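Residue numbers (the working numbering): 2 to 422.
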RNA sequence: GUGAGCGUAGCUCAGUUGGUUAGAGCACCAGGUUGUGGCCCUGGGGGUCGUGGGUUCAAUUCCCAUCGCUCACCCCA
């Protein structure tokens, strides 16, 4: 048997309604904030991600699905969306058409990691990007939108964490301070953190090892070395999300792994999804667009993992799906009447009723069981003596009541429907 | 890439201290009198016991390998 590739999943009919439910909320919230949807190809030239995300990151270093196509072009299935959005923004000069572009997306992403709870190799994200303004109110908007979507899905076990990384200059000064602070304690660090010491020292804060965290307790914090501009924006951001009624905590340890972040970073985590608890994360990237060859343009955005969110929803039983029951099931009493059944089903479907009937020539009892299983509100019986004399029976499946109606006046049945519902 | 656990019907799981036709519940199908559901009853279909090799008179049960799944580390959404 050929099976789906490791880390990929089929979404079967029983589950698709949850996705649609979520997608509807996503569309709804983004459009209320006046964000416009953008779609980009699933693959791009590899160099886009290498340059945008950072050569040194794990994503670029060991997780990308990269391959040469038949004309020897080095392509990569997109591991995240921001680089693609920025590429499209530059390529189509969106910045010249209007000074601020507010965009959102829902799209599959690909990273070759070891699958675990809330982590797949093909996974799906929705997210927003605002390109063209340094206003911290846009940062606030990102947090607001993502929080709002999660709330609309009925999630409660949420923690919003925010931090600011400042501008590169102040961050460099801080990195030096941190380095000298840890220098003589380096031998006490875990193996992973020793590596981080050289590659990306800020990530040591991410360590789950207790000893590492103990050592860091006395460490200087980034906030102490912030430039005035970043500090001011951070203050405005906190005020804004406070007045939006969003509870948050400042987490100086929140250091995004992608190279392009500046100033604000944030994350919303759930206590209901296992160890991959970040449902969404994002931040400001004021230097990325320039880095990718565009005019210097500030930007801010976030991405959210749909599988993780759905997992949290499942575990919190956070919402119930609207029912997708049938309005009408047509029961065929005589096998010869298939064409009549077909025509009447067409009639009801044309006027937007959800209708189904039996295609397997099964017994009336089996047809009734089917109607019941599909939660049909009404059953129409066609056939037998009453059909010959121009009538058929309509049964209300909830009350059990049954009425005889003229078969050449199906519109009268429609009236009955409307009155009954 | 590292580590741990698990692989028996569509699903959730029993079971075999190695021994003839491998079980249950749910789901599915058909019946329970002539053309009518939800409950109930009866019957039925469906499993190379993940795959390959080894030990044995005999393996689904023991051993080895392999593949897959799950969770965690790492990293991230």
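The beta-carbon is built from N, C-alpha and C at its ideal position, and this holds for glycine as well. Predicted, not measured: the structure shown is a model, and the values here were computed from it.
So what's residue i in DSSP terms, helix, strand or just coil?
i           : result
residue 245 : coil
residue 285 : strand
residue 42  : coil
residue 111 : strand
residue 35  : coil
residue 299 : coil
residue 373 : helix
residue 201 : coil
residue 410 : coil
residue 54  : helix
residue 93  : coil
residue 6   : coil
residue 360 : coil
residue 88  : helix
residue 118 : coil
residue 128 : strand
residue 381 : strand
residue 293 : coil
residue 368 : helix
residue 404 : strand
residue 98  : helix
residue 77  : strand
residue 66  : coil
residue 104 : strand
residue 13  : coil
Do residue j and residue i count as a contact pair if the criterion is CB distance below 8 Å?
i           : j           : result
residue 190 : residue 182 : no
residue 1   : residue 234 : Only positions 2 to 422 of the chain appear in this structure, which leaves residue 1 out of reach.
residue 172 : residue 179 : no
residue 124 : residue 308 : yes
residue 379 : residue 418 : yes
residue 151 : residue 280 : yes
residue 268 : residue 282 : yes
residue 334 : residue 385 : yes
residue 358 : residue 399 : no
residue 402 : residue 157 : no
residue 278 : residue 270 : yes
residue 1   : residue 207 : The first residue shown for the chain is 2 and the last is 422, placing residue 1 beyond what the model contains.
residue 142 : residue 34  : yes
residue 70  : residue 78  : no
residue 404 : residue 420 : no
residue 137 : residue 220 : no
residue 202 : residue 218 : no
residue 26  : residue 153 : yes
residue 381 : residue 329 : yes
With hydrogens ignored, establish whether the beta-carbon of residue i is closer than 7 Å to any heavy atom of the ligand FAD.
i           : result
residue 405 : Although the ligand FAD was asked about, the structure shown includes no ligands whatsoever.
For residue i, count neighbouring C-beta atoms within 10 Å of its own C-beta (all shown protein chains included) and say buried if the count is 16 or more, exposed if not.
i           : result
residue 146 : buried
residue 361 : exposed
residue 444 : Outside the shown range of the chain, which is 2 to 422, sits residue 444, and nothing can be said about it.
residue 61  : buried
residue 187 : exposed
residue 98  : exposed
residue 4   : exposed
residue 102 : buried
residue 274 : buried
residue 284 : buried
residue 368 : buried
residue 74  : exposed
residue 140 : buried
residue 306 : buried
residue 6   : exposed
residue 303 : buried
residue 266 : buried
residue 200 : exposed
residue 1   : With the chain represented from 2 up to 422, any question about residue 1 goes unanswered, as that position is not in the structure.
Three or more beta-carbon pairs under 8 Å between the region 370-389 and the region 316-323, yes or no?
-> By the Cβ rule, the region 370-389 does not count as touching the region 316-323, because fewer than three pairs are nearer than 8 Å.
Tell me the start and end of each unbroken alpha helix (DSSP H) in the region 142-193 that is at least 4 residues and wholly inside, in chain order.
-> Scanning the region 142-193 for uninterrupted alpha helix (DSSP H) segments of 4 residues or longer gives 169-184, listed from N- to C-terminal end.
If we count Cβ pairs, one from each stretch, closer than 8 Å, do we get three or more for the region 288-300 versus the region 111-122?
-> no
Do the region 129-141 and the region 94-112 make contact, defined as three or more Cβ pairs closer than 8 Å?
-> The region 129-141 is in contact with the region 94-112.
Ordered list of beta strand (DSSP E) runs contained in the region 203-283, each at least 3 residues = 263-271
Report the residue ranges of all alpha helix (DSSP H) runs contained in full by the region 306-356; include only those spanning at least 4 residues, in chain order.
-> 307-317, 339-351
Validate contact between the region 148-164 and the region 45-52 using beta carbons, cut 8 Å, 3 pairs = no
Inter-stretch contact (C-beta, 8 Å, three-pair minimum) for the region 76-91 and the region 14-29 = no
The region 306-315 touching the region 334-353, judged by at least three CB pairs closer than 8 Å | Touching, no.
Would the region 284-291 and the region 260-275 be scored as touching if the rule is three or more Cβ pairs under 8 Å?
-> Verdict: yes, contact present.
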